[in-house]
Each structure stands twice: as structure tokens, then as C-alpha cells.
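Participant: The working numbering numbers the first residue of the sequence shown as 293 and each following residue consecutively.
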Amino acid sequence: MKKDFLWGGSTSAFQFEGGANEGGKGESIYDVISKSGEMQIGEVKFKTDADYSTTSDFYHHYKEDIALMAEMGFNGFRMSIAWTRIFPNGDDANYNEEGVKFYNSVFDELIKHGIQPVVTLFHWDMPQSLVERFDGWYGSETVDAFERYCKTCFEQFGDRVKYWLTLNENNLCKLLPCLQTKTKLKASDENFEEFKLKVYHNTNIAHFKAVKLCHEIVKDGKIGCMIASSIAYPMTSHPKDVFEATKHQQNKMYDYLDLLIKGKYNRRDIGEFDNINLTLYKDNSFVELASNDISKIDFISFSYYFSICMQSEENKSNENAATLQIMYQAYENPKLEKSSFGWTIDPLGLRIFMNDVYDRYNLPLLLVENGLGVEDDVLEADGTIHDPYRVEYLRQHINAVKDAVEIDHVDCFGFLPWGCIDLYSASGNKKKRYGFIYVDYDDNFKRYKKDSFYWYKEVIKSNGEKL
Ligand code: BGP
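1. Figure out for me which residue from Trp299, Phe426, Leu640 and Phe500 has the closest Cα to the Cα of asparagine 584.
2. Taking only three categories from DSSP, how would you classify proline 469?
3. What residue from Glu605, Ser593 and Lys694 has the CA that sits closest to proline 531's CA?
4. Is glycine 665 close to the ligand BGP? I mean its beta-carbon at under 7 Å from any heavy atom of the ligand.
5. Just how far apart, CA to CA, sit leucine 708 and glutamate 461?
6. Between glutamate 629 and serine 595, what straight-line distance do the alpha-carbon atoms span, to the nearest angstrom?
7. Can you name, in chain order, every residue of its own chain whose Cβ lies under 8 Å from the Cβ of asparagine 567, other than the five neighbours on each side?
8. Could you tell me whether the Cβ atoms of lysine 249 and isoleucine 677 are closer together than 8 Å?
9. Please work out which residues of its chain come closer than 7 Å, Cβ to Cβ, to proline 469, disregarding the five sequence neighbours upstream and downstream, and give them in chain order.
10. By DSSP, does phenylalanine 745 sit in helix, in strand, or in coil?
11. Taking only three categories from DSSP, how would you classify cysteine 442?
12. CB of glutamine 307 to nearest heavy atom of the ligand BGP: below 7 Å?
13. Given that a residue counts as buried once 16 or more other Cβ atoms are within 10 Å of its Cβ, and exposed if not, what is phenylalanine 535?
14. What is the DSSP secondary structure of cysteine 506, reduced to helix, strand or coil?
15. For the ligand BGP, is there any heavy atom lying closer than 7 Å to the beta carbon of lysine 722?
16. Given this structure, state the Cα-to-Cα distance separating methionine 518 from glutamate 757, to the nearest angstrom.
17. By the three-class DSSP mapping on this structure, what secondary structure does aspartate 732 have?
18. Would you say the beta carbon of serine 304 comes nearer than 7 Å to a heavy atom of the ligand BGP?
19. Pull up the DSSP beta-bridge partners for proline 419, would you.
20. Using the DSSP secondary-structure output, state which residues sit across from arginine 370 in a beta bridge.
21. Using alpha carbons as the reference points, say which of Arg560, Thr412, Ile325 and Asp341 lies closest to valine 660.
22. Given this structure, state the Cα-to-Cα distance separating aspartate 436 from alanine 498, to the nearest angstrom.
23. Could you check whether the segment 398–409 touches the segment 334–344, counting it as contact only if at least three pairs of C-beta atoms, one from each stretch, sit closer than 8 Å?
24. For lysine 779 and phenylalanine 728, what's the separation of their Cα atoms in angstroms?
25. Pick helix, strand or coil for valine 435, following the three-state DSSP scheme.
26. For threonine 528, which residues in the same chain have their Cβ closer than 6 Å to its Cβ, ignoring the five residues on either side in sequence?
27. Expressed to the nearest angstrom, what Euclidean distance is found between the alpha-carbon atoms of aspartate 590 and serine 304?
28. Could you tell me which of Cys442, Leu471 and Ile403 sits nearest to arginine 452, measuring between CA atoms?
29. Under 8 Å, do lysine 504 and aspartate 427 count as touching if we go by C-beta distance?
30. Nearest CA to the CA of arginine 643: which residue from Val697, Asp679 and Asn558?
31. Mind checking which residues open and close the alpha helix (DSSP H) that includes threonine 528?
32. Can you round the beta-carbon distance between glycine 311 and methionine 361 to whole angstroms, since I take them to be within the 8 Å contact cut?
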């Protein structure tokens, strides 16, 4: 691996930061979820006991956490900025000084320890006030507010933060357009298509505006998109299954990347707009913004956890829906093992994806989410946590990245696995843990080093040689 390869970990504000009632922070949609104890992903509503207002309390533990990261040898750390800590209502007249001060301290601390911050501008925690007033991303006012928020972030932090990511996993926006809106629609609702495409289009304007601003404001700054990689295999060699798998990858990944990188919607997306006579994509200001070189990303960052299988309805050979069926309408791969959460374990799928996406776009890659989330970690009486399953998962996946880089010559410049210090799951589960560091939520958020901590430290020290 290259000498300056970024080794580290990854988090998001709403899942890791806590301190929701401090420092003048405004309410985000996750604070509302914490209060109501109810969450909705797509059309599925469920109860959650995850209190996102505290989570792992990075807000008060950042110095200790950054020292632990430095001890492991991190030279990169992905986090997100909580929009509501900078603008409590999303679009206030002035930014919240306390919020800016908090992130200044975090970035200073990271730089002091030789850790390069990689910052996501929007990791889903939409200001509740924008949801109430403008229906979140459905309203163009939200895009304007986002632009101002980004400008503030670049101006305040751009002297130290050189790697930026725009919207987390926005390739899933068309699948889950109501995640950050007040309106909740079912896919079968009459106006769903229109709503979905307007939300999608607005998030894309927001993305391009952020990229442009970053290039204008941050000296030597690099900005990328962040996508959920979703490698799909055909269940059999039947052409209909192959077609389903191909279609999935187009719809869920490549149509989106085509827009961001080529600067215009591809024919399938245009077909969707045309079907309901929406002409938004033809607006001059959009065409100009999207096609301008200054609005083009510098790299592609992505998450990778599992692969899925697709099959055609008429040719069904496997009735077992994957756990992620709700989202992807996918099926279990009979050839692969699964984690206790039903996610397939497929390191080769990671290498396949990296090759595919690099062949298509020829842009550097940054892996910003990967790892094994389980409820199995046990804090022993002596403060140790034995997690060989996590080491095994990561060993296999780091090997896949190495193969992609060293054998296939893919340009990948970092590995930042998810939840390097335990945090709350995005789907309301506080017991699912990914970290090298255990957080005791029942005892003042105390931190403990897991066995994987010492293993990862050696991996980093040897630049990926000692696995
Ligand atoms: C990604 C999100 C993260 C994170 C991760 C793991 O989709 O970007 O926020 O949560 O998935 O998923 P989970 O939290 O459900 O284990």
C-alpha cells in the first residue's frame, strides 16, 4: 500500500456525538426519533430505544477518543458535522458560535495527533425545523440552507479539513425518499413518483453546489460523493436473473454515479422524469451547474458490507429473502456465510466492486465504511473484550482491498472502517457494535480496548502487511 494510505475509522454525528442538548445545538430528525421512540425506514415503522441525544458521547470524550485513535496509529478519521450544531434551525441568520468552536477543537485535536479529518457534510441528520417548514429535501429552501451551511463549514474548517464528502449514501435516495421529509408516502401512492424525483433532484443540486463551493473555498481541498455499494449477483445463469442483477446495479449505483461524474442524468433517469412530465432536469441553472468542471467530484467514497442476489419473478429458484429485502428486494446467496444480522460475508465482492467502479469512472476510491456489526461483544470482568470474529472479517476485507490495489491496480487511498469506536446503529439498535473500542453505555460511557484494537494497531504499523 502507498506510504500515505489513510488508515483509520469512521463515524457520523447522530450516531456517535451525543450532546444533543448542549452547545446551542438545534433539534434534528434523530432527536425527534429519540423522543418518540419510533422510527420509519421506507414503509416499515418500528419502535426503538436508541437515545440519539447521548449515543457514545463523543461530545465530551473527543480528547480521550482521539488519543485512543492515535494510539492505534490512525492517520485518517471520518466524522460528520451536525448541521444543527452550526445552524440550529438549518437556516438561522448567523451560525452558532459554540457549534463552530466545538468542531474547531475536534479538528485541532485530530491535526495535533497527525490524523487527517474526512468530513461528511450530510449524514442524514436533517434539521427538524427544515422538515417542519419545507418538508426537508422536498423544498428548494432546504437546498439554499444547505448551501449556506456548506459555505460556513468550508470557510471555518477548510484550513484543516482537506477531505470532504457530500451526502451519505445518496444513491439510495430514490429508494427511500421520505427518510428526511415530513411527508411519508408509500411506493404505491399516486404522487410517490413525483415526490421521489423532486427530492432526488434537490439532493443532487445540493451535492453539486457543495462540490463547487468546496473547490472555490478550500485550498487544496478534495471532495467526493459517498455511495452505498451494492454488488448484486444473478441467482442463476438464467439471462433473466442476470438482467435483474444488472438492473439493480444500474438503478441503485451507476445511474447516480453517472450523473455526478458525467454531469447529466442518464437515459434511464431521464425516462423517469419524462414519464410524469417533470422537466426539472432541463432547467438551465441545473444543466450549467451539473456540467461545470468545478462541480465534479475528485474521488468516490463508498460503504461496503455485503453483496446480494437477484432473480426474476418467473424464474425464482430461491424463496429466501435477504434481511435487506425490504430495501433491495434481494435474496440470500446460498454460497455465502452470513453474520448474525443476516448480512452476507463476501470479501471478494468488495474486490469485484472496486474493479467495476474504478473501470467505469477512473476516479480514486476511498473505503469509508466496512466492518462487522454484532451483538456478541462481551465486556469481561477484567475489562477485556474478545472479538476474533471481527478480526477475521476485517482481515478478509483488508486483503480484498490489498488485492484490488496491488494486483488489479485500482487506486484506493484509504480504509476507514465503520464505527471504530462503538456507536448506535442507524436503524435504532444500540446493541449492534462495530468498534475496536467498546463503549459502556451503562457506566458513564467508559471506553475499553477490544482485542481487535491491538490487532488493528499492528495492521496499521505494518501498513497492512501484518494481518
Ligand atoms: C450505513 C450508514 C451508517 C451505518 C452503517 C451500518 O448505511 O451510512 O450510518 O449505520 O450503514 O448500518 P447499521 O447501523 O444498520 O448496522
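Virtual Cβ for every residue (Gly too), placed ideally from N, Cα, C.
Facilitator: Result, derived from the coordinates:
1. Out of Trp299, Phe426, Leu640 and Phe500, Phe500 has the C-alpha closest to the C-alpha of asparagine 584.
2. Looking at proline 469 - three-state DSSP - the assignment turns out to be coil, as it is neither helix nor strand.
3. When each option's Cα is compared against that of proline 531, the closest is Glu605.
4. For the ligand BGP, at least one heavy atom lies less than 7 Å from the Cβ of glycine 665.
5. Taking C-alpha positions only, leucine 708 is separated from glutamate 461 by approximately 15 Å.
6. So the two alpha carbons sit approximately 19 Å from each other.
7. Cβ neighbours of asparagine 567 beyond the five flanking positions: Glu485.
8. Since the displayed the chain opens at 293 and closes at 759, residue 249 lies outside it and no answer follows.
9. Excluding the 5 residues flanking it on each side, proline 469 has same chain C-beta neighbours closer than 7 Å at Phe487, Lys488, Val491 and Tyr492, in chain order.
10. Helix, per DSSP.
11. Note: cysteine 442 maps to helix in three-state DSSP.
12. Yes, the beta carbon of glutamine 307 sits closer than 7 Å to at least one heavy atom of the ligand BGP.
13. Classification of phenylalanine 535: exposed, given that the 10 Å Cβ count is below 16.
14. Helix at cysteine 506.
15. Checking the Cβ of lysine 722 against the ligand BGP gives no.
16. Methionine 518 and glutamate 757 have their alpha carbons spaced roughly 27 Å apart.
17. In the displayed model, aspartate 732 falls within a strand according to three-state DSSP.
18. Relative to the non-hydrogen atoms of the ligand BGP, the Cβ of serine 304 comes within a distance shorter than 7 Å of at least one.
19. Proline 419 is bridged to Ser320.
20. Its beta-bridge partners are Ser302 and Val410.
21. Across the set Arg560, Thr412, Ile325 and Asp341, the C-alpha of Thr412 shows the shortest separation from the C-alpha of valine 660.
22. In this model, aspartate 436 and alanine 498 are separated by some 8 Å (Cα to Cα).
23. Counting Cβ pairs under 8 Å, fewer than three are found: no touch.
24. There is no way to answer for residue 779, as the model of the chain reaches only from 293 to 759.
25. In this structure, valine 435 counts as helix in the three-state DSSP scheme.
26. Excluding sequence neighbours, threonine 528 sits near Ser609.
27. Across the structure, aspartate 590 and serine 304 are spaced so that their CA atoms are roughly 21 Å apart.
28. Here the closest residue by C-alpha is Ile403.
29. In terms of Cβ geometry, lysine 504 and aspartate 427 do not form a close pair [threshold 8 Å].
30. If we check each option's Cα against that of arginine 643, Val697 comes out closest.
31. Counting along the chain, threonine 528 falls outside any alpha helix (DSSP H), and DSSP gives it neither H nor E.
32. Approximately 19 Å separates the beta-carbon atoms of glycine 311 and methionine 361; this is outside 8 Å, ruling out the contact.
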